[in-house]
Every structure is written in structure tokens, then in C-alpha cells.
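Asks: Please see the structure below; I have some questions.
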Amino acid sequence: MTNKFFNVKTEKGTRITLSTDAKFGDYEVLYQKWAWGGIDAESLIFVTKDIAHISENELTEDVKNSPLVKDKSKSLTYKQGDEFTFVNFNFEVCNHEVSFKKQDYEPREKTLAQEMAFRNFDIFGDIHGHSCALIELLDKLGYKVNDEGFYKHPFRMAIFVGDFIDRGPRQKAVIDIVKPMVENGAALAVMGNHEFNAISYHTLHPATGEPLRSHSDNHKKQHQAFLDEFTNDVELKETIDWFKTLPLFLELSSIRVIHACWNDKAIASIQSKLDSRNRLDDAFLIAANEKGSVEFEAVETLLKGLELRLPAGYSFKDSYGQPRHDIRIKWWQTEDRSYRELAIVPKSNKSDMPIDVAPIDDLGDFQYSDNSKLVFFGHYWFQGQPKRLKRNVACLDYSVAKNGALTAYRWSGSDLEIHDRCFIQVN
Numbered sequence: 001m002t003n004k005f006f007n008v009k010t011e012k013g014t015r016i017t018l019s020t021d022a023k024f025g026d027y028e029v030l031y032q033k034w035a036w037g038g039i040d041a042e043s044l045i046f047v048t049k050d051i052a053h054i055s056e057n058e059l060t061e062d063v064k065n066s067p068l069v070k071d072k073s074k075s076l077t078y079k080q081g082d083e084f085t086f087v088n089f090n091f092e093v094c095n096h097e098v099s100f101k102k103q104d105y106e107p108r109e110k111t112l113a114q115e116m117a118f119r120n121f122d123i124f125g126d127i128h129g130h131s132c133a134l135i136e137l138l139d140k141l142g143y144k145v146n147d148e149g150f151y152k153h154p155f156r157m158a159i160f161v162g163d164f165i166d167r168g169p170r171q172k173a174v175i176d177i178v179k180p181m182v183e184n185g186a187a188l189a190v191m192g193n194h195e196f197n198a199i200s201y202h203t204l205h206p207a208t209g210e211p212l213r214s215h216s217d218n219h220k221k222q223h224q225a226f227l228d229e230f231t232n233d234v235e236l237k238e239t240i241d242w243f244k245t246l247p248l249f250l251e252l253s254s255i256r257v258i259h260a261c262w263n264d265k266a267i268a269s270i271q272s273k274l275d276s277r278n279r280l281d282d283a284f285l286i287a288a289n290e291k292g293s294v295e296f297e298a299v300e301t302l303l304k305g306l307e308l309r310l311p312a313g314y315s316f317k318d319s320y321g322q323p324r325h326d327i328r329i330k331w332w333q334t335e336d337r338s339y340r341e342l343a344i345v346p347k348s349n350k351s352d353m354p355i356d357v358a359p360i361d362d363l364g365d366f367q368y369s370d371n372s373k374l375v376f377f378g379h380y381w382f383q384g385q386p387k388r389l390k391r392n393v394a395c396l397d398y399s400v401a402k403n404g405a406l407t408a409y410r411w412s413g414s415d416l417e418i419h420d421r422c423f424i425q426v427n
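Under full-length UniProt numbering, the first residue of the sequence shown carries the number 1, and numbering increases by one thereafter.
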């Protein structure tokens, strides 16, 4: 079925039934909360009737001749897709009496996937307080500050994979850019492990009065850049409260977005504990800070990555210089079997790892199928020229906080696989 969409100005929250021509019959048109393409959310009308058999020229003339159209001189724009035609009618509907019915309408609550259908997305990797790179990349991709003061693209939407904070020099500036975009429908975002850690660092356990994430020297060192910028208690609370609104993952109609690892088993273990938008509550947060709990294990996997224990006597140092006995693995690269091949650690640290011992015989639980949706994530500090990991897997973290590049992927709704040419970077 091919659906056609058109844009006319109408009142928010109303339902209109149009009868303009017998060959079209009645269109049922509904106000939508979210915009598709370049249409403003306040003026989006969705034609639910299938009119694929009508040519674009016939559709144009029918609308221009409609008694509902005030300005008949403005042109139409089209965007073709594999399963839909996007039609942007730049017309204003007359408010005077014409032959159409209008009644109060309370829009049904839609799933996020339904709201985001037919959108084109730019997915941004880890930012870590590098606001100048973020501004440069937004500008490069065509996002501009609108009259309301936030960045917005006329035809696309941004998605952020999390890790807005820590390490970098301008963390508040990053939040001041991303937060209004998300709150005003110009972007979506998921929670990174640094946002989860920040929430836990600044949240007290209701029973003990102790912070969920201890204020040890190591934890404070990791979080110090954030603490140095957010010295105002009100701004700090507002920022932490906003972090709590971020979902752990996004499951959209054609793509998935998560910070570190898409793992069906981990997601299934906590799905019933999350809300309809995959967000955690206070009870989940407390449980997720208790080692050994289902919530803890799931968050460790989804926001930090899958880990395997190294054999006795083997270890490596992480980016903070701390010894580690577990390795994060390439959960998308299941054809490899040795520790050295599967490990996501700096090359210089791999020499101490056993090369010939297979970690497990069956990596079935870890596999991300070639037939699954496209999945985008960050977290892993890749370097160099970005490229896809599989036809449906892409990492967008290319180490902007370590003299690398801030990276985004420009995805269009008709793309069924990931293309290297669609990665965009700024140093």
C-alpha cells in the first residue's frame, strides 16, 4: 500500500473529514504529535485512505481546486519512498464555512515506532562534552537554530546514542544543545553508561542514605569534569532529572539504537520492568546498582557491552589504567572464537591475551542476526575512517574525546543496509 501525506494548517487536536471529489471519497485525516519529513508537528495531517491509484498531477489539481484551500498558488513537494509517497502541500486551509465536517478529536497514544515511521534520521555518536564538534557536525548536516532557540533540521531528525558528558571541556554546552532538541521533538536520545553512572552518583539509596554509585576516588575522577561544570544545584538536579527520562534503547520501525550492545536476552529480562518508552524508574535504578540482580546484569550488557572472563592469570588495563580481568567482546562478530579476536581493547593490550583458547563453543546467545534490523550504537572508542561492522551493524563512537572525530550516520527510510558513504565526521 502506498500512503500519501499532506500538510495543511489546522487546529491542534481536531479531526476533519474532507469530501472534495468523488473519485477520492472521504479522507480521514488526523493530527499527529510528531512531524514527518519537514512538516511542522502543529500542522501535520495524515491521510489514512489509500490513494495510490491517483497520480500526483491529479492529486495536485484536486487539492488546488478544493474550497478548503486558501492560497492556491503555492506548489507541492514530493518525496518518493519504497512504500510511501510523501506529499507536502504548502497550503493554508480556509477557516470560513465550507462543506466539511469537523469535530473534537483526542489523538490516540501511539507507540514511538508509529510516531517515527517514515522519518529520516541522523544518528550521532558519543559526544563527551565536545560541544564545538557537535555544533560543527550539526551545521555540516544542515541543522540550524530556529526562532525558538534549538537546533532543528527541516526534513530530518537527530538521534543521539548517549554519553553526552564526562571527559570533555564543555559538557553543559552539550546538554544545552541536545536537551532542547529532544524536548521539542527535533531529536531522540538514549541513555549512555555515563548518564546512568551520573544518575547513580547523584542519587541516594532511600534505605541507607548512601549514593547508589560510591564517591570513591576512582569514580570521582571519572566524573570530575562534569562536577566542575555543574556547580549550581538547581542546574545539576534538572540535568540529572533529564537523564532519567532517557530510554535504555530505541526500537523503531526499521532501525534500533542503543548505547553499547543490542542483546535480545538482556532486553527480554527487563522489558516488563521498563515503561512503554523503555525508560527506567527509581525502583529499577536501585536494583540496577545491586550486583547480581537481573537489572544490574542487563544494564551492564546494554550500556557497557558483553563481557567474558579471561582465563586465570590474564588481565589488561582499561582507559583509566585499572586492571581488568573481563573483556568486552565484539557481539556482532560471532565468527571469531579466540579471546584476542573477540576482545574490544587497544591493540597494545592484546599481546597478553591467550590467542588459541576459545572462550566458549557456542556464541548463539551473543549473535546479532544478519536478518535483524539495522542497529546503531557507540561506546567503543573506535578510530580512523568509519565503516560498517556488518551490513546491519554500525558503531558511531570514533573517539572524539581522544583526538578522534565526532561521527554521525545519515540514514534514509528506504535504506535496508548500512553504507560506508553515509558516515559523516568532523575532527
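Every residue, glycine too, gets a C-beta built ideally from N, C-alpha and C. Bear in mind the structure is a predicted one, so any value in this text is a computation, not a measurement.
Could you work out which residue in Ser-214, Pro-154, Tyr-201 and Arg-170 is closest to Ala-187 when comparing CA atoms only?
Replies: Of the candidates Ser-214, Pro-154, Tyr-201 and Arg-170, the one whose C-alpha sits nearest the C-alpha of Ala-187 is Pro-154.
Asks: Can you tell me the Cβ-Cβ gap for Leu-308 and Ile-258, rounded? I've got them flagged as a contact below 8 Å.
Replies: Not confirmed; about 19 Å, so no contact.
Asks: Compute the Euclidean distance between the alpha carbons of Gly-129 and Ile-418, then round it to the nearest angstrom.
Replies: Rounded to whole angstroms, Gly-129 to Ile-418 spans 27 Å at the Cα level.
Asks: Which of the three DSSP states, helix, strand or coil, is assigned to Met-181?
Replies: Three-state result, Met-181: helix.
Asks: Mind checking who Trp-331 pairs with in its DSSP beta bridge?
Replies: Trp-331 pairs with nothing; no bridge assigned.
Asks: Mind pulling the alpha helix (DSSP H) runs of 4 or more residues that sit fully within the region 271-324?
Replies: With a minimum length of 4 residues, the continuous alpha helix (DSSP H) runs that stay inside the region 271-324 are 282-288 and 294-299.
Asks: Looking at the structure shown, is Leu-236 part of a helix, part of a strand, or coil, going by DSSP?
Replies: DSSP places Leu-236 in helix when its eight states are reduced to three.
Asks: Taking 8 Å as the threshold (C-beta atoms), are Arg-328 and Leu-306 in contact?
Replies: It is a contact, given that the beta carbons lie within the stated cut-off.
Asks: Would you list the one or two residues that DSSP bridges to Tyr-398?
Replies: For Tyr-398, which the question treats as bridged, DSSP gives the partners Ala-405.
Asks: Nearest to Asn-427 by alpha carbon, out of Asp-126, Ala-133, Leu-112 and Ala-260?
Replies: Checking every option, the nearest Cα to that of Asn-427 belongs to Ala-133.
Asks: Identify every residue that forms a DSSP beta bridge with Ile-258.
Replies: Phe-249, per the DSSP bridge assignment.
Asks: Can you tell me whether Gln-367 is helix, strand or coil according to DSSP?
Replies: Reduced to three states, the DSSP call for Gln-367 is coil.
Asks: Have a look at the DSSP bridge pairing and note the partners of Phe-155.
Replies: Partner(s): none; Phe-155 has no beta bridge.
Asks: Going by C-alpha to C-alpha distance, which of Arg-391, Gly-378 and Gly-404 sits closest to residue 435?
Replies: Limits of the chain in this structure are 1 at one end and 427 at the other, which puts residue 435 out of reach.
Asks: Just grab the DSSP bridge partners of Arg-410 for me.
Replies: DSSP output for Arg-410 lists Asp-122 as bridge partner(s).
Asks: Measure the alpha-carbon distance for Phe-382 versus Asp-122 and round it to whole angstroms.
Replies: The alpha-carbon atoms of Phe-382 and Asp-122 are separated by roughly 19 Å.
Asks: By how many angstroms is the C-alpha of Val-174 removed from the C-alpha of Leu-236?
Replies: For Leu-236 and Val-174, the distance between alpha carbons rounds to 14 Å.
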